[in-house]
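There are 2 protein chains.
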Amino acid sequence: MSRIEAGVPVRAAESVAAAVEPGTVLGVSGFGSVGYPKAVPLALAERGDAADLGLTVVSGGNVGAEIDETLMATGAIARRYPYQGSDEANARVNDGRLAFHDRHVSQVADELLYGGLPAPDLTVVEAVAVGDGWLAPSTSLGATPALVEAADRLVVEVNDAQPRGLEALHDVYRPGAPPGRDPIPLTEAGERIGDTRVAFDPGKLDAVVRVDRPDATYEFRDPTAEDRQVAANLANFLSEEIERNPALAEAVNLQFGVGSVGNAAALAIEDVAFGDREVAYVGEVIQDSVLDAVDAGGLTAASATSLALSAEGQNRLFGDLDHYAERVVLRPSDVSNAPGVVRRFGVVAVNAAVEVDLTGHVNSTHLRGTRMVNGIGGSGDFTRSGLVSVVAVPSTAAGGDASRVVPMATHVDHTEHDAGVVVTEHGVADLRGLSPRERAREMVDVAHPAFRPALDRYLERGLESGGHTPHDLETAFDPLERE
Amino acid sequence: MSRIEAGVPVRAAESVAAAVEPGTVLGVSGFGSVGYPKAVPLALAERGDAADLGLTVVSGGNVGAEIDETLMATGAIARRYPYQGSDEANARVNDGRLAFHDRHVSQVADELLYGGLPAPDLTVVEAVAVGDGWLAPSTSLGATPALVEAADRLVVEVNDAQPRGLEALHDVYRPGAPPGRDPIPLTEAGERIGDTRVAFDPGKLDAVVRVDRPDATYEFRDPTAEDRQVAANLANFLSEEIERNPALAEAVNLQFGVGSVGNAAALAIEDVAFGDREVAYVGEVIQDSVLDAVDAGGLTAASATSLALSAEGQNRLFGDLDHYAERVVLRPSDVSNAPGVVRRFGVVAVNAAVEVDLTGHVNSTHLRGTRMVNGIGGSGDFTRSGLVSVVAVPSTAAGGDASRVVPMATHVDHTEHDAGVVVTEHGVADLRGLSPRERAREMVDVAHPAFRPALDRYLERGLESGGHTPHDLETAFDPLERE
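Chains as they are written, first to last, in the numbering used here: chain Y, 1 to 483; chain G, 1 to 483.
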């Protein structure tokens with residue numbers, strides 16, 4: 001199967017990069033740090049005038065080091081949306097050299113097309129094949145269809161390091177324009193409602209670039225004893241919830257956040273007695289743990305927008321793509337994370353956090369309200385619209401020196417109206433239906449014992465001040481004493 | 001047309017109230033302070049042991065004085081969801097006598113049926129008629145279908161003061177249970193996809209109560225000069241937005257919050273040159289201003305879940321219900337506010353706030369982070385899922401003594417990821433696509449000039465501290481000096 005059937009010249013990445021003008025709004029494919037273009041960004045980084053380019057770079061989600069480390073380090077990028085995940089980008093975001101705003105994953109496509117984010121002058125997409133008016137995406141789909149549609153011009157990087165067969169995983173459904181948009185006609189996790197390819201106006205295609213460079217693969221740390229205890233508490237909660245919640249009597253759709261919480265959640269589901277319920281994964285990123293569960297038959301289907309796998313996981317998937325395509329589906333991120341879809345799928349969402357406060361406000365992104373550690377990603381989409389929204393975190397950070405349960409969140413990404421359940425290694429705080437005062441007592445109980453006295457004292461001060469929500473604004477952000 | 005066709009006895013409210021046991025979870029119809037039961041709550045308040053009843057009262061939204069003043073004042077209500085709007089309830093919420101948690105309007109029905117809120121032992125619904133397995137709702141629909149479905153037993157108050165013809169306005173569509181729920185098949189503001197009646201299991205119906213007592217009507221204050229300037233700035237923004245936003249080229253779906261912001265928004269739309277665009281209202285409450293625009297032909301349709309009208313507006317509507325039913329539709333609140341519907345309708349949402357901070361976090365509910373002033377209502381549903389989300393507020397409160405633009409919101413109901421545009425009488429801060437530092441400068445510019453120096457000084461301190469989001473946690477909640 002030929003990978004290049006488009007009637008445009010194959011050009012060197014350097015030639016494409018040389019034509020990029022200062023101030024360009026550059027769209028790039030990529031989500032979960034995979035499926036992003038590699039050659040053109042590296043060639044841009046090689047330009048002598050890179051530091052003066054003042055680019056705006058818009059992706060679907062996280063991309064790899066070629067963009068957010070190498071190109072970023074040259075100073076070529078002045079502005080970045082809607083996610084960044086590298087040390088270099090983070091340092092620049094935090095000292096103000098990089099203008100950044102992170103956005104809900106589900107909204108990026110609409111914001112590109114209908115206001116909020118700048119439309120790309122040029123979008124560069126990694127593909128496994130390209131033809132006359134179509135491209136077959138690689139390891140992620142993300143906001144690629146919208147980045148292509150919104151762009152004036154298009155360059156496709158055909159990456160020989162990505163198997164041609166990846167096309168089979170994709171289900172490219174495009175919601176129409178509001179206000180006349182039809183409902184997304186998705187009713188089951190594994191259903192296919194679109195095409196395997198992204199369509200585009202052939203007149204937009206400037207060039208095809210050939211590259212042979214794999215995505216970086218993920219390395220997962222082994223779960224700690226603390227992670228295992230969080231997982232055990234989560235398993236207990238899920239086992240009880242599926243018994244009492246009538247919406248979970250026959251089928252359960254799960255979502256886990258990326259990273260250690262995803263691992264903990266995967267550990268947890270091994271211990272949940274789902275009985276004869278159909279269990280599916282309906283998230284944004286497919287990690288090894290999800291693939292394991294598909295292989296073991298624990299999941300009937302897994303849908304997401306990206307494949308964030310270890311080298312081993314990637315080998316396993318790439319080795320039998322047609323087989324996996326029967327149960328693994330990649331969707332555009334405005335479909336995988338669509339609030340209407342998440343809500344009607346009754347998703348049980350499990351996500352991590354930087355800190356959670358006494359009344360259930362969640363900070364997913366900032367240290368001490370100022371320094372960004374990572375973007376919100378899709379945590380807001382699932383936490384807000386999920387049927388059961390769980391925040392699962394170890395009770396401390398920084399080797400035990402800092403409590404993740406705090407009096408008042410120094411930055412709020414998800415409000416008390418959104419997350420319903422908080423799980424730590426010390427227990428489960430089921431906040432649903434509780435008043436702020438009641439929530440606060442539950443939250444103290446899942447904090448690390450060394451921080452409970454300080455939290456109790458804060459709560460007493462808050463209750464003395466009076467009001468629906470117990471707070472003492474003068475000491476709300478004082479670092480908590482460990483005892 | 002007979003109003004009572006059900007085969008159960010008509011009973012006195014006192015008889016129904018006498019049978020209510022302590023600790024009962026009581027569901028009541030009502031939204032926007034109309035369409036709620038009146039006789040049974042008043043009879044409950046007359047019980048000698050009212051103070052010991054320890055009721056949990058769950059409604060769709062705001063209800064009238066019979067419940068949240070008279071019954072509340074007896075101490076009969078220990079717990080209340082998901083909204084309260086009276087001085088009596090507010091005082092009890094703030095001193096901890098009333099356990100309360102306010103919830104997104106769109107989620108109340110699902111939380112009643114699938115976890116989060118307690119299912120009612122008894123639901124009392126105001127209707128204009130009742131039959132064998134059906135009731136015709138009055139001036140609001142709210143969460144009534146779910147409150148009826150989730151309840152063990154049902155009592156219907158047939159209110160002769162509400163016109164029988166109100167039935168014609170309702171469109172009772174019931175989403176199925178997740179995870180197999182179908183998309184809500186709504187594609188136009190004025191479309192009807194359900195029945196005019198709420199169906200129920202006839203075996204649930206305990207009694208019918210006859211009552212003749214009107215809803216209290218709204219009184220709107222005349223817009224101040226400041227309101228008019230907010231409206232003028234909003235009109236300018238909307239005029240520009242409909243020109244530049246491709247999703248608004250042919251049709252515009254508007255939502256306004258309740259109260260003075262609704263009035264300001266209504267003033268604004270009179271001044272927007274919509275050209276030949278179809279303009280509809282897709283909100284949660286229909287106020288006089290919406291009815292005016294329907295009458296004037298400015299709105300092709302108006303859909304909501306409640307009729308919050310002045311006496312004059314009510315007379316006008318009640319005088320020609322069949323005529324209005326062609327363009328005015330009342331939906332259950334899990335349909336009117338459904339995030340999937342709001343998003344695909346591309347709603348332009350305009351809501352008020354208590355305060356907005358420098359990076360766009362919005363507080364809709366609390367004074368100084370502790371004292372609740374009102375619930376979040378549907379502001380989160382529309383602010384989060386709207387295509388263009390505007391917060392429109394005068395720049396000051398408390399007669400000019402307090403700035404509504406603050407360094408850091410003392411309570412967050414809508415995050416920086418949700419609201420995109422802030423309008424005050426001093427201008428428009430279009431925050432979309434801006435980094436937190438850039439947002440802060442825009443926000444200072446729409447603050448009242450008397451507070452700008454203090455905001456500027458705060459921002460300088462925040463920038464000195466460093467980090468993506470400029471804050472100085474030590475002084476974040478210090479009251480702003482007026483100069």
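Quick reminder that beta carbons are idealized off the backbone N, C-alpha and C, glycines included.
These figures come from a predicted structure and were not determined experimentally.
Residue i: first and last residue of the uninterrupted beta strand (DSSP E) it sits in
i, result
"Y/Y81", "I77 to Y81"
"G/D334", "No beta strand (DSSP E) contains G/D334, which is instead part of the alpha helix (DSSP H) from S333 to S336."
"G/E355", "E355 to D357"
"G/Q255", "A251 to F256"
"Y/E126", "L122 to G131"
"G/R210", "L205 to V211"
"G/P533", "Here chain G covers residues 1 to 483 and nothing more, so residue 533 of chain G does not appear."
"Y/D87", "Premise fails: Y/D87 lies in the alpha helix (DSSP H), D87 to N94, not in any beta strand (DSSP E)."
"G/N351", "V348 to N351"
"G/E278", "E278 to V282"
"G/V58", "L55 to V58"
Secondary structure of residue i, DSSP reduced to three states
i, result
"G/H170", "strand"
"Y/H366", "strand"
"G/R153", "strand"
"G/S2", "coil"
"Y/P339", "helix"
"Y/Y36", "coil"
"G/M499", "Chain G is shown only over 1 to 483; residue 499 of chain G falls outside these bounds and no answer can be derived."
"G/H323", "helix"
"G/V373", "coil"
"G/F31", "strand"
"Y/G165", "helix"
"Y/E442", "helix"
"G/G427", "strand"
"G/D102", "coil"
"G/D401", "coil"
"Y/T144", "helix"
Classification of residue i by the beta-carbon crowding that lies within 10 angstroms, buried from 16 upward
i, result
"Y/R221", "exposed"
"G/P179", "buried"
"G/N527", "Because chain G in this structure spans residues 1 to 483, residue 527 of chain G falls outside the shown range and cannot be described."
"Y/A302", "buried"
"G/G466", "exposed"
"G/A99", "buried"
"G/G61", "buried"
"Y/T139", "buried"
"Y/V25", "buried"
Start-to-end residues for the alpha helix (DSSP H) that takes in residue i
i, result
"Y/Y458", "R452 to S465"
"Y/N315", "A311 to F318"
"G/T383", "S379 to S385"
"Y/S239", "A225 to R244"
6 Å CB neighbourhood of residue i in its chain, flanking five on each side removed
i, result
"Y/V341", "I184 and L186"
"Y/T123", "G27, L147, V148, A151 and L154"
"Y/L317", "Y324"
"G/A89", "D68 and M72"
Neighbourhood of residue i by C-beta, 8 Å cutoff - its chain only, sequence neighbours within 5 removed
i, result
"G/R244", "none"
"G/D322", "G165 and A168"
"G/Q287", "Y218, F220, F256, V258, G262, N263, A266, A308, L309 and G313"
Same chain only: Cβ atoms within 7 Å of residue i, ignoring 5 sequence neighbours per side
i, result
"Y/L239", "Strictly speaking, residue 239 of chain Y in this sequence is Ser, with Leu absent from that position. Excluding sequence neighbours, Y/S239 sits near V272 and A273."
Note to self: Which residues of the stretch 263-285 of chain Y have a Cβ closer than 7 Å to any Cβ of chain G? Give them in chain order.
What the structure shows: none
Notebook entry, point to check: Using a Cβ cut-off of 8 Å, which residues of the stretch 372-403 of chain Y contact any Cβ in chain G, in chain order?
Noted result: M372, I376, G380, R384, S385, L387 and V388
Next item on the list: Anything in the stretch 98-128 of chain Y with a Cβ closer than 9 Å to a Cβ of chain G? List those residues in chain order, please.
Entry: L98, A99, F100, H101, D102, R103, H104, S106, Q107, D110, E111, L113, Y114, G115, G116, L117 and P118
Checklist line | Residues, ordered as in the chain, of the stretch 415-443 of chain Y that lie near chain G by beta-carbon distance below 9 Å | finding: T415, E416, H417, D418, G420, L431, R432, G433, L434, S435, P436, R437, E438 and R439
Checklist line | Members of the stretch 464-480 of chain G near chain Y, C-beta cut-off 8 Å | finding: S465, G466, G467, H468, T469, P470, H471, L473, E474, A476 and F477
Notebook entry, point to check: Listed from N- to C-terminal order along the chain, which residues in the stretch 81-93 of chain Y have their beta-carbon within a distance smaller than 8 Å of any beta-carbon of chain G?
Noted result: Y81 and V93
Note to self: To be precise: take each residue of the stretch 237-261 of chain Y, compare its Cβ to all Cβ atoms of chain G, and keep it if any distance is under 7 Å. Which residues remain?
What the structure shows: N245, P246, A247, A251 and N253
Margin query: Under 8 Å, CB to CB, which of the residues in the stretch 31-45 of chain Y have a partner in chain G?
Written below: none
Notebook entry, point to check: Got a sec: which bits of the stretch 155-186 of chain Y sit with their beta carbon under 9 Å from any beta carbon on chain G, in order along the chain?
Noted result: P175, G176, A177, P178, P179, G180, R181, D182, P183, I184, P185 and L186
Checklist line | Short-range partners of chain Y found in the stretch 335-346 of chain G, where Cβ spacing is below 8 Å | finding: A338, P339, G340, V341, R343, R344, F345 and G346
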